[in-house]
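K.L.:
The sequence shown begins at 4 in my numbering and counts up one residue at a time.
Pasting a structure below so you can have a look.
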Amino acid sequence: MEARMYLDNAATSFPRPECVIRAVEGWLRSGGAAGRGNHAGAEAAAAILSRCRSALGTLLGASSPQQVVLTGGCTESLNIVLLGLLRRGDRVIASQLDHNSVLRPLAHLQRTRDVQLDLIGFDAVTGLLDEDHLQRLLSAGPARLLVLTHASNVTGRVQQVARLAAMAAAHGVLVLVDAAQTAGHWPCRLTDLGADFLALPGHKGLWSFGYGSAGVS
4 MEARMYLDNA ATSFPRPECV IRAVEGWLRS GGAAGRGNHA GAEAAAAILS RCRSALGTLL
64 GASSPQQVVL TGGCTESLNI VLLGLLRRGD RVIASQLDHN SVLRPLAHLQ RTRDVQLDLI
124 GFDAVTGLLD EDHLQRLLSA GPARLLVLTH ASNVTGRVQQ VARLAAMAAA HGVLVLVDAA
184 QTAGHWPCRL TDLGADFLAL PGHKGLWSFG YGSAGVS
């Protein structure tokens, strides 16, 4: 087989460390008991899930593991927040820099729940969101949610999320941060970013496929 150097870790990380493979294999071989039974297998499963929540809580700067919701990936985490939070006629602010895992659910909600979507402009040279435009959008009327992508999967530009989130908070707007490209590589503490919700994946940080999390302030 021809040797290759894998450089697309922003899409998905490969190869994963042996410790991750062994952990997943061990879980699969254990039978994967449900965590709410009163037998040894269930207690072992519950302990593993508890350790996962605690570790992710530390990563997110959560004050309690109960702020960590385990999901099947970042896309699912984003969908849970968007589909669970937004109601008919709500207004949401996002940008064209967001991933399709944000923009497509929002397009669906525009069709099915008459959700109003406003998009923040951005500087084509720096890749930074236009703060003045965001301020105008926030001042234009009530909004339910601001969605911010911490770092672009296309340009790699890291946004000034904490500053943008503070602007939203001043108007009583909730903030959802997509940390798909930064979790595990860049500080992603909920309070530091000003995030009410934060979505992260497993497969971009040398973790495994099929795992993700949502942090809730």
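We put the beta carbon where it would ideally sit given N, CA and C, even for glycine.
These figures come from a predicted structure and were not determined experimentally.
When the distance is taken between beta carbons, is residue 215 closer than 8 Å to residue 75?
P.N.:
Taking the sequence shown and counting its residues from 1, the one referred to as residue 75 is at position 72. Taking the sequence shown and counting its residues from 1, the one referred to as residue 215 is at position 212. Yes, the Cβ-Cβ distance between residue 75 and residue 215 is below 8 Å.
K.L.:
Count Cβ pairs between the stretch 170-184 and the stretch 137-151 that sit closer than 8 Å; are there 3 or more?
P.N.:
Short answer: they touch.
K.L.:
Have a look at 207, 153, 209 and 53 and flag the residue whose alpha-carbon is nearest the alpha-carbon of residue 195.
P.N.:
Taking the first residue of the sequence shown as 1, we reach residue 195 at position 192. It is 153 whose Cα lies nearest to the Cα of residue 195.
K.L.:
Taking DSSP as the reference, what is the three-state secondary structure of residue 107?
P.N.:
Residue 107 sits at position 104 when you count from the first residue of the sequence shown. Note: residue 107 maps to helix in three-state DSSP.
K.L.:
Considering only their Cβ atoms, is the gap separating residue 162 from residue 149 smaller than 8 Å?
P.N.:
Translated into positions along the sequence shown, residue 149 becomes position 146. Translated into positions along the sequence shown, residue 162 becomes position 159. Cβ atoms of residue 149 and residue 162: not closer than 8 Å.
K.L.:
Would DSSP call residue 189 helix, strand or coil?
P.N.:
For this step, residue 189 is matched to residue 186 along the sequence shown. Reduced to three states, the DSSP call for residue 189 is strand.
K.L.:
To the nearest angstrom, report how far apart residue 37 and residue 49 are at their CA atoms.
P.N.:
By 1-based counting over the sequence shown, the position of residue 37 is 34. By 1-based counting over the sequence shown, the position of residue 49 is 46. One C-alpha to the other measures close to 8 Å.
K.L.:
Where are the beta strand (DSSP E) runs, 3 residues long or more, that stay fully inside the stretch 97-183, in chain order?
P.N.:
Fully enclosed beta strand (DSSP E) runs of 3 or longer: 119-123, 148-152 and 177-181.
K.L.:
Taking residue 217 as part of the beta strand (DSSP E), name the residues at either end of that continuous run.
P.N.:
Here residue 217 is taken as the residue at index 214 of the sequence shown, counted from 1. Here the beta strand (DSSP E) through residue 217 covers 215-219.
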